[in-house]
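Trainee: Numbering (the numbering used here) for the sequence shown: 5 to 131. Just so it is clear, CB atoms sit at the ideal spot from N, CA and C, and this is done for glycine as well. Have a look at the structure that comes next, please.
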Amino acid sequence: KTRAKCGCVTACGNYGVVGYACGRIDRYNMQSGAHRGTYWVPSPAGHEGGVFGVAVTALNEELVSGAFDGTIKIWDFDTQALLHTMTLGSPVAHLTLNRDNLLLAVACDDLRVRVLDISSRRIVRDF
Numbered sequence: 005k006t007r008a009k010c011g012c013v014t015a016c017g018n019y020g021v022v023g024y025a026c027g028r029i030d031r032y033n034m035q036s037g038a039h040r041g042t043y044w045v046p047s048p049a050g051h052e053g054g055v056f057g058v059a060v061t062a063l064n065e066e067l068v069s070g071a072f073d074g075t076i077k078i079w080d081f082d083t084q085a086l087l088h089t090m091t092l093g094s095p096v097a098h099l100t101l102n103r104d105n106l107l108l109a110v111a112c113d114d115l116r117v118r119v120l121d122i123s124s125r126r127i128v129r130d131f
């Protein structure tokens with residue numbers, strides 16, 4: 005048994021995504037409540053700490069997650085396959101995705117905010 009740490013609803017409103025303290029992420033159908041997938045791979049590829057932020061792109065193509073292990077992971081929304089990992093060097097406290105331009109703002113425990121471009125898979129600003 006693990007505790008939920010974050011969640012989001014897709015832009016279409018069909019799915020809810022929940023991140024847990026164990027590093028797992030689950031997707032649920034909002035109408036039926038049925039479980040529709042798990043985003044998780046064994047360590048070291050998967051999150052090694054609690055997931056503190058999840059977001060889904062506008063067309064449900066990718067899911068982005070940030071965790072206490074200091075990583076941002078990009079997953080294929082449909083297949084739940086891990087596509088890319090970015091290391092930030094500090095635990096993720098919160099994240100928010102601008103669905104129009106795919107810029108991800110990430111607040112970290114080192115009191116810095118990093119802006120990541122999900123399309124190019126790189127950090128574009130560090131405040």
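Pull up the distance between the alpha-carbon of C26 and that of S47, whole angstroms please.
Mentor: Those two C-alpha atoms are separated by around 11 Å.
Trainee: For the pair the stretch 53 to 73 and the stretch 96 to 106, tell me if three or more CB-CB distances fall below 8 Å.
Mentor: With a cut-off of 8 Å, the stretch 96 to 106 and the stretch 53 to 73 count as touching, because enough Cβ pairs lie within range.
Trainee: Hey, out of T6, S36 and G41, whose CA is closest to V21's CA?
Mentor: When only C-alpha atoms are compared, the closest one is G41.
Trainee: On a Cα-Cα basis, can you pick out the residue from G70, G37, K5 and G17 that is closest to L101?
Mentor: Comparing Cα-Cα distances from L101 to each of G70, G37, K5 and G17, the minimum goes to G70.
Trainee: Hey, how far is the Cα of V13 from the Cα of Y19?
Mentor: Approximately 6 Å between the Cα atoms of the pair.
Trainee: Kindly indicate the opening and closing residues of the beta strand (DSSP E) around I127.
Mentor: It spans R126 to D130 - the beta strand (DSSP E) in which I127 sits, taken as one unbroken run.
Trainee: Using only the alpha-carbon positions, how far apart do A8 and D30 sit?
Mentor: Using only the alpha carbons, I get a separation of about 10 Å.
Trainee: Assign G17 to buried or exposed, taking buried as 16 or more other Cβ atoms, counted over all protein chains shown, within 10 Å of its Cβ.
Mentor: Its Cβ having fewer than 16 others within 10 Å, G17 is exposed.
Trainee: How close, in whole Å, do the beta carbons of F81 and N64 come, if the pair is a contact with beta carbons under 8 Å?
Mentor: About 5 Å separates the two Cβ atoms, so the contact holds.
Trainee: Out of Q84, D130 and A62, which one is the CA nearest neighbour of S123?
Mentor: Among Q84, D130 and A62, the Cα nearest to that of S123 belongs to A62.
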